[in-house]
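Below you'll find the structure, written out as structure tokens, and then a few comments.
Number of protein chains: 2
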Amino acid sequence: MNESRTRRRGEELIKAIHDAALEEVIEVGAGRLTMDGIARRAATPRTTLYRRWADPIDVLLDALYHQHPVEEPTPGADDLRGDLIRALRLMVEWAFSPAGRAVAAILTDPRSVALMSDALFERVFAGRGGTFTRTVLEHYAERGHFPAALLTPVVADIGEALVTKRLIDAAAPPTDEDLAAIVDQAILPAIGLGPSSARGS
Amino acid sequence: MNESRTRRRGEELIKAIHDAALEEVIEVGAGRLTMDGIARRAATPRTTLYRRWADPIDVLLDALYHQHPVEEPTPGADDLRGDLIRALRLMVEWAFSPAGRAVAAILTDPRSVALMSDALFERVFAGRGGTFTRTVLEHYAERGHFPAALLTPVVADIGEALVTKRLIDAAAPPTDEDLAAIVDQAILPAIGLGPSSARGS
DNA sequence: AAGGTAAGATACAAGCGCGTAGCTAAGCAA
DNA sequence: TTGCTTAGCTACGCGCTTGTATCTTACCTT
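Line by line, the protein sequences are chains H and L.
Under UniProt numbering, the residue at position 109 of the first sequence is numbered 109, and the numbers go up by one with no gaps.
Under UniProt numbering, the residue at position 73 of the second sequence is numbered 73, and the numbers go up by one with no gaps.
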């Protein structure tokens with residue numbers, strides 16, 4: 001009987017557990033996350049979990065910490081509007097990834113938030129979740145496409161904020177038209193590129 | 001021993017349980033909400049809860065449903081900017097109320113969302129949580145302060161979206177200066193009232 | 001080939017939330 | 001006052017999660 005061909009160890013096992021934690025939190029929520037649930041999903045005894053982590057949230061935060069950083073938007077040619085839309089689309093993709101969903105689940109769980117270290121918050125948020133459009137906007141501001149003074153913290157947040165609200169309000173993911181509307185009607189006017197100059201299609 | 005002077009009944013008891021449910025969900029999160037916890041906090045036997053509700057989320061949703069609708073912003077004199085700031089302040093106040101925090105806790109809990117009826121969603125959200133600035137904007141658009149065509153769904157969401165992001169990112173509530181920045185740098189430009197005409201202080 | 005490391009399979013008692021049942025007694029109305 | 005309704009109290013068995021302990025065995029290193 002060659003059933004258990006491979007017994008997972010080290011990296012491989014840990015990755016399986018991390019994945020299980022992310023899947024589990026998406027399904028049951030941060031509050032109902034248990035060692036049992038994660039272990040069952042990862043098909044490993046609980047003992048293995050306790051050897052490394054103290055509680056389910058610990059596993060989850062560790063899983064998030066070891067996620068690959070999200071892709072950075074790379075401003076391309078001379079297309080501010082298009083780059084902004086692409087940046088927002090990157091954000092939407094991240095939001096629908098296991099990591100993105102897990103972060104959403106965690107953020108409103110009192111216990112999880114309390115245990116969330118600044119380091120993780122930095123890594124998951126300030127580092128990426130919060131600034132998709134900022135990279136693009138800074139790029140074009142430096143090149144004089146619009147006054148750099150207009151690129152305030154508030155303005156840098158407009159796109160992400162509106163997409164976030166869309167994700168909360170509606171079940172379906174925003175279409176490219178939705179993202180374009182956000183860019184045209186909110187971001188571009190804020191940096192002085194109103195309908196007069198940005199009216200493309 | 002006149003300990004148990006009053007035995008609560010009907011309305012009074014239900015309100016105590018509703019309050020307990022809201023407090024409980026804020027403290028432990030939607031996932032860890034239990035009949036036991038609510039009952040303990042309301043100082044009533046679990047039996048009483050089961051007589052009316054099937055599970056903890058049921059209690060919580062009922063509590064939210066019976067909350068007083070949030071105050072509507074009332075556009076005042078001739079002060080669009082000031083009215084917008086006041087509308088956002090109303091939103092911040094609601095967000096920090098027990099009901100506001102409870103809604104936040106629920107929205108990312110898979111089980112709760114699944115049980116949330118359209119009626120409740122309507123009453124709690126579309127009805128109020130989503131549109132503080134819209135009321136104000138519509139008022140001034142009708143009076144020709146700016147082109148009504150610019151008041152798109154996206155534009156109506158800008159203020160709420162940015163405040164929401166602020167609430168998620170930062171622990172401290174936004175100050176009036178923060179709200180003013182949102183109005184000046186994001187909302188007003190979007191309706192064609194950029195720095196040239198809105199530069200107040 | 002030998003030995004150390006760590007995963008896998010049990011098993012266990014303790015604690016808690018669940019849902020129900022039975023009873024007592026307070027509040028309210030006729 | 002009588003009697004209906006309903007809150008308060010206690011208790012039970014069930015199942016799940018917890019944290020730990022013990023043993024076997026696969027994998028990796030030397």
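For every residue, glycine included, the Cβ atom is placed at its ideal position computed from N, Cα and C.
Nothing here was measured: the structure is a model prediction, and the numbers come from that model.
- Ranking H:Arg111, H:Leu80 and H:Phe96 by CA distance to the CA of Glu27 (chain L) puts H:Arg111 first.
- Relative to Thr6 (chain H), the option among H:Pro195, H:Arg40, H:Ala39 and H:Thr44 whose CA is nearest is H:Thr44.
- Fewer than three Cβ pairs drawn from the region 162-177 of chain H and the region 140-150 of chain L lie within less than 8 Å of each other, which leaves the two stretches out of contact.
- In the three-state DSSP reduction, Met35 (chain H) falls in the helix class (H, G or I).
- Contacts between Pro189 (chain L) and chain H, judged by CB atoms closer than 7 Å, involve Pro189 and Ala190 in chain order.
- Contact of Arg111 (chain H) with chain L is assigned, a C-beta pair being separated by under 8 Å.
- At least one CB atom of chain H sits nearer than 8 Å to the CB of Leu162 (chain L).
- The region 145-185 of chain H contains, as complete alpha helix (DSSP H) runs of 4+ residues, the segments 153-169 and 176-182 (chain order).
- Within the same chain, and ignoring the five residues on either side of Tyr65 (chain L) in sequence, the residues whose Cβ sits closer than 6 Å to its Cβ are Leu120.
- Within chain L, the residues placing a beta-carbon under 7 Å from that of Val154 (chain H) are Leu162, Ala181, Ile182, Gln185 and Ala186, ordered along the chain.
- Ranked by Cα distance from Asp19 (chain H), the options H:Val163, H:Thr47, H:Asp62 and H:Ala180 are led by H:Asp62.
- In this structure Phe132 (chain L) is in contact with Ala87 (chain L), their Cβ atoms being roughly 4 Å apart against a cut-off of 8 Å.
- Met91 (chain H) carries a helical assignment under DSSP once its states are collapsed to helix, strand and coil.
- Boundaries of the alpha helix (DSSP H) harbouring Glu27 (chain H): Gly10 to Val28, taken from the DSSP string.
- Using a Cβ-Cβ cut-off of 8 Å, Ala21 (chain H) does not count as an interface residue toward chain L, since no Cβ of chain L sits closer than that to its own.
- Taking the Cβ atoms as the reference, Ala16 (chain L) lies roughly 5 Å from Ala42 (chain L), within the contact range of under 8 Å.
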